[in-house]
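Report on one structure; see the data block that follows.
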Amino acid sequence: MAGSTFGTILRMTTWGESHGPALGVTVDGCPAGLELCEADVQEYLDRRKPGQGKYSTKRNEGDQVEILSGVFEGKTTGTPISMMVRNRDQRSRDYGEIASCYRPGHADYTFDQKYGFRDYRGGGRSSGRETIGRTAAGAVAAKLLKELGITVTAYVSQIGPVRIAPERFDLQAARENRLCMPDSPACRIPRPQRKRSSFWTGRWRSGIQPAVW
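Sequential numbering from 111 applies to the sequence shown in the numbering used here.
Below, the structure is given as structure tokens:
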């Protein structure tokens with residue numbers, strides 16, 4: 111399987127599966143001398159970890175990061191930075207029924223067709239938990255950019271028919287609600303909750319419109 115390495119100057123390679131012992135990332139190309147500790151990365155992982163609300167998976171994971179290499183006495187050494195998060199709530203038994211039954215909206219079928227073999231325990235590499243490595247690498251990149259006076263902010267501008275109102279745009283609100291929408295009143299609209307049950311029956315489909323600033 112290709113496609114696990116991204117970048118040219120700053121490169122990251124993610125590894126691990128949803129129900130394996132751990133997931134992680136190796137970041138190569140980071141210069142020496144950047145102040146970096148596990149708390150810097152944990153801040154980002156805490157924002158993406160599961161079980162934080164009704165809109166996310168109920169899987170219970172602490173997602174505590176361990177920096178294995180590339181950092182000494184609180185600073186990067188210029189060598190590859192390897193970071194790992196151990197899986198604790200694997201519950202592979204919960205996925206026994208899908209060993210021979212493809213899940214709609216997942217990569218089960220495409221993995222079988224492309225590779226002839228798949229890890230059915232939560233999707234393996236196609237699980238959302240693969241983004242742990244990307245998030246950890248992003249934390250390193252964010253620290254590098256901050257040294258140059260650059261910050262990156264992402265938010266959700268629309269979920270299905272619910273849009274943010276430009277006159278109520280507030281980035282702080284996006285940091286304080288689980289939908290990451292910079293419009294507090296929009297987050298309180300009950301429509302997404304009402305539509306949620308019909309989503310699973312196929313009567314309604316929605317998309318999410320992200321934005322990066």
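Note that CB positions come from ideal geometry on N, CA and C, so glycine has one too.
For clarity, every value in this text was computed on a predicted model and none was experimentally measured.
Assuming the contact rule is C-beta atoms closer than 8 Å, residue 292 and residue 265 should be a hit. Round their C-beta distance to whole Å, please.
With 8 Å as the limit, residue 292 and residue 265 qualify as a contact, their Cβ atoms being about 5 Å apart.
Given a cut-off of 8 Å, decide if residue 252 and residue 193 are closer than it, judged by their beta-carbon atoms.
No.
Please return the same chain residues whose Cβ sits closer than 6 Å to the Cβ of residue 280, not counting the five positions on each side in sequence.
Excluding residues within five positions, the ones whose Cβ falls inside 6 Å are 292.
DSSP on residue 256, reduced to helix/strand/coil?
Looking at residue 256 - three-state DSSP - the assignment turns out to be helix.
Compare the Cα-Cα distances from residue 254 to each of 238, 221, 186 and report the closest residue.
Out of 238, 221, 186, 186 has the C-alpha closest to the C-alpha of residue 254.
For residue 196, which option in 134, 276, 114 has the closest C-alpha, if you only look at C-alpha atoms?
Of the candidates 134, 276, 114, the one whose C-alpha sits nearest the C-alpha of residue 196 is 134.
Where does residue 104 land, buried or exposed, given buried means 16+ other C-beta within 10 angstroms?
No answer is possible for residue 104: it lies beyond the span of the chain, which begins at 111 and ends at 323.
If you compare alpha carbons, which of 117, 119, 123 is closest to residue 241?
Among 117, 119, 123, the Cα nearest to that of residue 241 belongs to 123.
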